[in-house]
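Protein chains in written order, with our numbering: chain A, 1 to 311; chain B, 1001 to 1363.
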C-alpha cells in the first residue's frame, strides 16, 4: 500500500486522470452550449465516435496531431448538421433524431474500421508532450500537469473561451435566451433558428474534438464503440453543471481522477474486476443525480422545437 | 376517402424502410460490396427454405422488447435502459437454468426463471421511475445510466459465480438441448413465440380496451390534465416503468431458454436499439408494429450471415436502422404538413435557403 503514495504513482495518476477527463470535458462543453440553446443532443455518443475515427485516420495518414483534432471537429460539425436540419429547422423529435445519430455513428465507424483496419489495427505513435518552461520543473505537478500534449492546453483554452462567450458576449446571451424563452429572443429581433443552428454546430465540433482526443491521445488507436457511454456522461455533466463552465471542467476532472484512481490501484496490484471499474463512473453519476435530483435543472425550452407564433 | 387514407398511411410507413434499404445499398456500393448479393443473402438466410423459422424464433424476444417499449413510449416516458434490463435477465436465466432444470420439472423451472427475469428487468427501472415520479428528473439519462451499471453487473455475474469453469472464454454453462423450450410441433420454432404473441395481444387489449389504457393515453398527452382528472401521476410512472422492464426481462428468458442456451461476457444483442424505429413506424400500436418487427427479425437473421459473407461488420445493420429512423422522421413531417394543407418547406428552411440578409452576428 505504501507504494501508492510515491511520487511516481501520483504523477501517473494525474496524467491518466487528465487524459481521461479531457474528452469528456470537451464533449460536455459542447453539450452545455447545445442544452443552453434548448437543443438536447442525444447524438453526442455517435458524434464522438465519428470524430474519434476521423481524427485517428487523419493522424494515421498525416502524422499531425493538430490536423487530426481539426479533422475530428470538422466531421463532428458535419454530423451535427443532421440534427440541425431535422430538429432545429424542421422541428422533428430531438430524441428520435439524436438516437438515430448515435446508431449511425456507431454503425458507420464500426463498419469502416473493420473494412479498413480490421486485420491490421495500426496504433498511432504516442504524442510527444510539450514541457512548459519553468512550470514543468515544479515537483509532482510539473511532470504531470505541465508536461502534456499541446492538445490539452488548447482544450483548456477552449473551455475558457466558452466560459467567456456564454457569460460576456451577445452571442452567449442569445444562446441562453433561445433555451429560456425563445419567443422573447424572436421578439427582440434575434433568430431562434440561427442561434440554435450555431449552438448545435459548435456542440458537434466539440464532441468531435473530444472523440479525436480520446482516440489520438487517450488510446492511440480506434476500436468500435470505444467511447462506451462517455457521450451520455457528457450529457449528464452538462445537465448538472447548469451552464456553468467551471462546473463542467470540475465535474470532468473528478470523473477523470475516478477513472485514473482505479487504474493506479490495478497497477499497484490490487485486483478489481475490470467490469466493476467500468461501472464506477456511471454509479458516481447516478449517485450525483440522486443527491442533487432537485437541482438537475434544465432550460425550460429544452427539447421543444421553436415554432413562431405557437403557444 | 378511407381507402385513400389507408394508402397514404401505407406509403408513409413503408417508404422509409424502402429508402433506407436503397441508401444502404448505395453505401454497400461505396464500400465496394455487391448490394444485390447482400440483399439476396438476407432473403436466402432469413426467409427461403426453412430459414423463416429461425427468423420466427428471433421474432419472439424482439416482439416482447417492442411491446415493452410501446407501453412506456405511449405515455411519453422514455425508457432507454432496455439493454441493461435485457442483459440482467439473460445473465440470471443462463446462470440458474442449468441447476433449476435439473432439480425440478422443466416447466416449473421455466416458469420460475421467466418470473425471475421479468422481476429483474422491472427492478432495474425502479431508480429511474422513482427519480422521475418524485423529482421529475429526466428519465432518458437515468435509465441509460442504470443500463450501463446493470450491464457491468451482468458481466461480473457471468465472469464470477455463473462462469463455466471448464471453458476458457468467460461464459455460463450451456443449457442441454432437452432442457430448452420445446419447438412448436412440425417446426423448429421455439414455443417462446406463443408466449410472446400472447403477451403482445394481452398488452394490446390492456392498452386499447381498458380504463387503464385510456388513463395511460391521457397521461401521455398531458401529465397535467391527467393529474386534474384524478390520475395519480407517480403511480402511473411506476406502473409503466415496471411493466416495460418486466416485458423486456421476459424477452431475455424467451431468447435464452428458446434460442441461445448460454451467455458470453460482453454479448449484447441490443434488440432495443434496433426495434426502436419500428415501434414508431407502427405508430406505437402493438398490432401495427407486428409486421415491422417481423421484417426486422428477417433482416437481423439473414443479415447476421449476409454481413459476414460480404466481409462487413454486423454493425452495418445499425446503419440501416439509423437510416430508417431518419427517413421516418422526415416523411412523417412531410405527411403531417400535407395533411394540414401547407407547403412542406418550413419557413425556417425557406429563409435559410434564401440566406439573404444578415440579421445578427450569429448568421
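For glycine and all other residues, C-beta sits at the position ideal for the given N, C-alpha and C.
Cutoff 6 angstroms; reference residue i; Cβ partners in own chain excluding five residues on either side
| i | result |
| --- | --- |
| residue 172/A | 165, 166 |
| residue 215/A | 52, 55, 56, 222 |
| residue 1020/B | 1320, 1323, 1324, 1327 |
| residue 206/A | 26, 29, 30 |
| residue 1087/B | 1151, 1154 |
| residue 176/A | 36 |
| residue 1207/B | 1213 |
Exposure label - residue i; buried when at least 16 CB within 10 Å
| i | result |
| --- | --- |
| residue 184/A | exposed |
| residue 1110/B | buried |
| residue 1382/B | Since the displayed chain B opens at 1001 and closes at 1363, residue 1382/B lies outside it and no answer follows. |
| residue 1391/B | Residue 1391/B is absent from the model: chain B starts at 1001 and stops at 1363. |
| residue 1074/B | buried |
| residue 1009/B | exposed |
| residue 1254/B | buried |
| residue 1003/B | exposed |
| residue 153/A | exposed |
| residue 1043/B | exposed |
| residue 121/A | exposed |
| residue 61/A | exposed |
| residue 248/A | buried |
| residue 1022/B | exposed |
| residue 312/A | There is no way to answer for residue 312/A, as the model of chain A reaches only from 1 to 311. |
| residue 268/A | exposed |
| residue 1138/B | buried |
| residue 252/A | buried |
| residue 1301/B | buried |
| residue 1204/B | buried |
| residue 1219/B | buried |
| residue 109/A | buried |
Cβ-Cβ separation, residue j to residue i (assumed contact under 8 angstroms), whole Å
| i | j | result |
| --- | --- | --- |
| residue 1150/B | residue 1262/B | No, residue 1150/B and residue 1262/B are not in contact; Cβ-Cβ is about 19 angstroms, not under 8 angstroms. |
| residue 105/A | residue 50/A | 5 angstroms |
| residue 1329/B | residue 96/A | 6 angstroms |
| residue 1370/B | residue 1117/B | Since the first residue shown for chain B is 1001 and the last is 1363, residue 1370/B is missing from the structure and cannot be characterised. |
| residue 41/A | residue 98/A | 6 angstroms |
| residue 217/A | residue 127/A | 5 angstroms |
| residue 1071/B | residue 1281/B | About 17 angstroms; that fails the 8 angstroms criterion. |
| residue 24/A | residue 230/A | 6 angstroms |
| residue 21/A | residue 261/A | With a Cβ gap of about 12 angstroms, residue 21/A and residue 261/A do not count as contacting. |
| residue 1313/B | residue 114/A | 4 angstroms |
| residue 1057/B | residue 1259/B | 5 angstroms |
| residue 220/A | residue 308/A | The pair is not a contact, with the Cβ atoms about 49 angstroms apart (cut-off 8 angstroms). |
Own chain, CB closer than 7 angstroms to residue i, minus 5 neighbours either side, in chain order
| i | result |
| --- | --- |
| residue 1146/B | 1081, 1084, 1124, 1127, 1128 |
| residue 88/A | 39, 193, 196, 197, 200 |
| residue 101/A | 43, 46, 47, 79, 82, 83 |
| residue 1296/B | 1062, 1274, 1275, 1278 |
| residue 258/A | 280, 281, 284 |
| residue 265/A | 272 |
| residue 1371/B | The displayed coordinates of chain B run from 1001 to 1363. Any statement about residue 1371/B would go beyond what the structure contains. |
| residue 182/A | 38, 192, 301, 306 |
| residue 1292/B | 1278, 1281, 1282 |
| residue 1288/B | 1282 |
| residue 34/A | 41, 199, 200, 203 |
Residues near residue i by beta carbon distance below 8 angstroms, same chain, minus five either side
| i | result |
| --- | --- |
| residue 1119/B | 1246, 1249 |
| residue 1194/B | 1184 |
| residue 1271/B | 1061, 1062, 1065, 1082, 1086, 1251 |
| residue 1102/B | 1179 |
| residue 9/A | 3, 264, 267, 268 |
| residue 1335/B | 1008, 1012 |
Contact test: residue i Cβ vs the ligand SAH heavy atom, cutoff 6 angstroms
| i | result |
| --- | --- |
| residue 182/A | This structure lacks the ligand SAH; in fact it carries no ligand of any kind. |
Which of the residues in the region 1113–1141 of chain B, read from start to end, lie with their CB under 8 angstroms from any CB of chain A? 1127, 1131, 1134, 1135, 1137, 1138, 1140, 1141
With 9 angstroms as the C-beta to C-beta threshold (strictly closer), list the residues of the region 1310–1330 of chain B near chain A in chain order. 1311, 1312, 1313, 1314, 1315, 1316, 1317, 1318, 1319, 1320, 1321, 1322, 1323, 1324, 1325, 1326, 1328, 1329, 1330
Listed from N- to C-terminal order along the chain, which residues in the region 1067–1082 of chain B have their beta-carbon within a distance smaller than 7 angstroms of any beta-carbon of chain A? 1078
Validate contact between the region 1190–1201 of chain B and the region 1164–1182 of chain B using beta carbons, cut 8 angstroms, 3 pairs: The count of Cβ pairs closer than 8 angstroms, one atom from the region 1190–1201 of chain B and one from the region 1164–1182 of chain B, reaches three, so the stretches are in contact.
Which residues of the region 238–256 of chain A have a Cβ closer than 9 angstroms to any Cβ of chain B? Give them in chain order. 239
By the 7 angstroms beta-carbon criterion, what residues does the region 1028–1040 of chain B contribute toward chain A? 1031
Three-pair Cβ contact test at 8 angstroms for the region 1086–1095 of chain B versus the region 1158–1171 of chain B: yes
Anything in the region 197–228 of chain A with a Cβ closer than 7 angstroms to a Cβ of chain B? List those residues in chain order, please. 198, 224
Looking at chain B, which residues of the region 106–128 of chain A have a Cβ within less than 9 angstroms of any of its Cβ atoms? 106, 107, 108, 109, 110, 111, 112, 113, 114, 115, 118
Residues in the region 265–285 of chain A having any Cβ partner in chain B nearer than 7 angstroms: 273, 275, 276, 278, 279, 282, 283, 285
Using a Cβ distance threshold of 8 angstroms, determine whether the region 13–33 of chain A contacts the region 235–242 of chain A, with at least three qualifying pairs required. yes
Report the residues of the region 81–93 of chain A with a CB closer than 9 angstroms to any CB of chain B, ordered along the chain. 82, 85, 86, 87, 88, 89, 90, 91, 92, 93
For the region 150–173 of chain A, which residues have a CB atom closer than 7 angstroms to at least one CB atom of chain B, in sequence order? 170, 171
Compile a chain-ordered list of the residues in the region 1153–1170 of chain B whose CB is closer than 8 angstroms to at least one CB of chain A. For the region 1153–1170 of chain B, the set of residues with a beta-carbon nearer than 8 angstroms to any beta-carbon of chain A comprises 1153, 1155, 1156, 1159, 1160, in chain order.
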